[in-house]
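For reference, each letter of the sequence shown is one residue, going 4 to 363 in the working numbering.
Each remark here refers to the structure printed beneath this line.
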Amino acid sequence: MLPAPRPPAPEAGARIRARSAAPPGHAGAVSETQDHAGRAPAPPPTGPATDHREAPDGAGDTLEQPASRTQPTAYRGTAGDGSGRGRIVLAATPIGNMGDATERLIGLLHTADVVAAEDTRRLHRLVQALGVTVTGRVLSYHEHNEAEKTPELLELVRDGATLLMVTDAGMPSVSDPGYRLGGAAVAGGRGPPAVPGASAVRAALALSGLPTDRFCFEGFLPRKPGVRAGRLADLAAERRTMVFFEAPHRLEAMLRSLQQAFGSDRPAAVARELTKVHEQVVRGSLLELLQWAQDSEVRGEIAVVVAGAPEAAPSRPEDHVGEVTRLIDGGMRLKDAVAAVAADSRVSKRELYAAVIAAR
4 MLPAPRPPAP EAGARIRARS AAPPGHAGAV SETQDHAGRA PAPPPTGPAT
54 DHREAPDGAG DTLEQPASRT QPTAYRGTAG DGSGRGRIVL AATPIGNMGD
104 ATERLIGLLH TADVVAAEDT RRLHRLVQAL GVTVTGRVLS YHEHNEAEKT
154 PELLELVRDG ATLLMVTDAG MPSVSDPGYR LGGAAVAGGR GPPAVPGASA
204 VRAALALSGL PTDRFCFEGF LPRKPGVRAG RLADLAAERR TMVFFEAPHR
254 LEAMLRSLQQ AFGSDRPAAV ARELTKVHEQ VVRGSLLELL QWAQDSEVRG
304 EIAVVVAGAP EAAPSRPEDH VGEVTRLIDG GMRLKDAVAA VAADSRVSKR
354 ELYAAVIAAR
C-alpha cells in the first residue's frame, strides 16, 4: 500500500497563507497574513500579456512541518567519498516553493559536518519548513565576509569535514556567494560537486516565450548609468536570448536602459516571484514593459528575459560600392579594394567587382 502523500510545501520564507474549513469561494476560505516585515501583501500588478496564476503544488499553504519521516541520509558521492578526506558541496535551495527541495539537499542538510549559509536566519526557516535537523556546525558565509572566511572553511575541509554551501535561493556562486570558495577548492585540486535544484534563470527562460536553444546569463547590470550603457552596448548585437536579474525598485530604470540600447520593439518578458504564490510573467516589447513598470507597483524577485538581436538582412553587392570607391581614392588598387570589402561584408567578389564597374 502506498504511503499517504506529504502535505504540499509552503513558499520559501515570504508570505504565509492559512486555509480554514470554510467552503471554497467563501469569504473566510483563505486568509492571508502579513509578511515577515509586518506589511500586508499587495495584489499582483497587471500589465500587457500578463500570465498570473497560483503557484503549483500548494506553494501557499500553511507553513507547517512536513509529515513525519525518518531523518534523511546523505547520498554516496555527495557527502564524503569514504577516504576520510573532507569535501565541499555546493547545493541549490528552493527559489520559492519548498516542494522543489531535492532529497539530496535534504540529506546533506542533516549529515554535513558544516553548513555555510548566506543567511543563517533563512537557513533556519528552510530547515524548519522541510522538517530537517541540522546536526553540523552552522556558519555565516556571504559577500561581505567571503575573503576572511574562505581560508577558515578550507581548513575545516582539510581536517576532514564535509562542508555544505547554501545560499538564500538557488545555486551558490551563480549571482550569489560561493564563487570564491568553489574557486579555491578547484585551485587546490578538490573541485566541489554540485547538487542542482530549482533555477530562476531556467524557469524565466522557459516561461518567456522567447527562443531557448541559445541563451546567455548576464546577472545584474551595473548600477552606474555610464558603466551600464557600456555593458549594454557590448550586448546590442548579441544574437542569443539574454537573461538578467534586477531588484524591483530598479526595474523601471533598467527597462529604460534596455529600450535605449536594444530598441523599443525588442521582444522581452519580466518574470517575478517565480514558483511563489503571486508568480507572474509579463510579455511584450521593451516599450510595453517599460510602460507597464511605470504604471505598476512591482514587487518581488525579478528576472528579465530579452530576445537576441535579429539577424541582419543579407547585403547586396551594390550596397558596398561606396566603400570600394573610398579605398580606391585612398590609393588602393581596384582588385585589392574589392577583395577587402568583399571579405568584410561577406559578398561575392565577382559580383562586387561587377557592381563597381557598372557604377562608373
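The C-beta atom is built at its ideal place from N, Cα and C for all residues, glycine as well.
What is the DSSP secondary structure of residue 58, counted as helix, strand or coil?
-> At residue 58, the pLDDT of 43 sits below 50, so the modelled position is not reliable and the matter cannot be decided from this model.
Going by beta carbon distance, what residues of the same chain come within less than 6 Å of residue 359, once the five residues before and after it are set aside?
-> 324, 327
Neighbourhood of residue 356 by C-beta distance below 7 Å, restricted to the same chain and skipping five residues each side | Result list for residue 356: 341, in chain order.
Is residue 9 helix, strand or coil by DSSP?
-> Confidence in residue 9 is poor, its pLDDT being 45 and thus under 50, which makes the residue's placement unreliable; the coordinate value appears in the next sentence. Here residue 9 sits in coil by DSSP.
Identity of the residue in 318, 271, 337 nearest residue 208 by Cα | Selected option, being the one with the closest Cα: 271.
With a 10 Å radius around its C-beta and 16 neighbouring C-beta atoms as the bar for buried, classify residue 165 as buried or exposed.
-> buried
Out of 105, 113, 322, point me to the one whose CA is closest to residue 351's CA.
-> 322
Identify, in the order they occur along the chain, each residue of the same chain with its Cβ nearer than 8 Å to the Cβ of residue 183, setting aside the five sequence neighbours on each side.
-> Excluding residues within five positions, the ones whose Cβ falls inside 8 Å are 149, 150, 153.
To the nearest angstrom, report how far apart residue 230 and residue 260 are at their CA atoms.
-> Distance between the alpha carbons of residue 230 and residue 260: 11 Å.
By Cβ distance, which residues of its chain are closer than 7 Å to residue 160, with the 5 residues on each side in sequence left out?
-> 89, 90, 91, 166
Run through DSSP, which three-state label would residue 174 get?
-> Secondary structure of residue 174 (DSSP, three-state): coil.
Rounded straight-line distance, which links the Cα of residue 147 to that of residue 213 | 36 Å
Write down every uninterrupted run of the alpha helix (DSSP H) in the region 125-153 whose length is 4 residues or greater and which is fully enclosed by it, in chain order.
-> none
Pick out whichever of 348, 103, 202, 186 has its Cα sitting closest to the Cα of residue 316.
-> Closest option to residue 316, judged by alpha-carbon separation, among 348, 103, 202, 186: 348.
Applying the criterion that 16 or more other CB atoms from any shown protein chain within 10 Å of the CB defines a buried residue, is residue 1 buried or exposed?
-> Because residue 1 is not part of the residues shown, which for the chain are 4 to 363, the question remains open.
Residue 279 burial status per 10 Å Cβ neighbour count (16 or more: buried) | buried
Count the other CB atoms, across all protein chains shown, that sit within 10 Å of the CB of residue 228; report buried if there are 16 or more and exposed otherwise.
-> Residue 228 is exposed by the Cβ-count criterion.
Using the beta-carbon count (16 or more within 10 Å), is residue 1 buried or exposed?
-> This structure gives no information on residue 1, because the portion of the chain shown stretches from 4 to 363.
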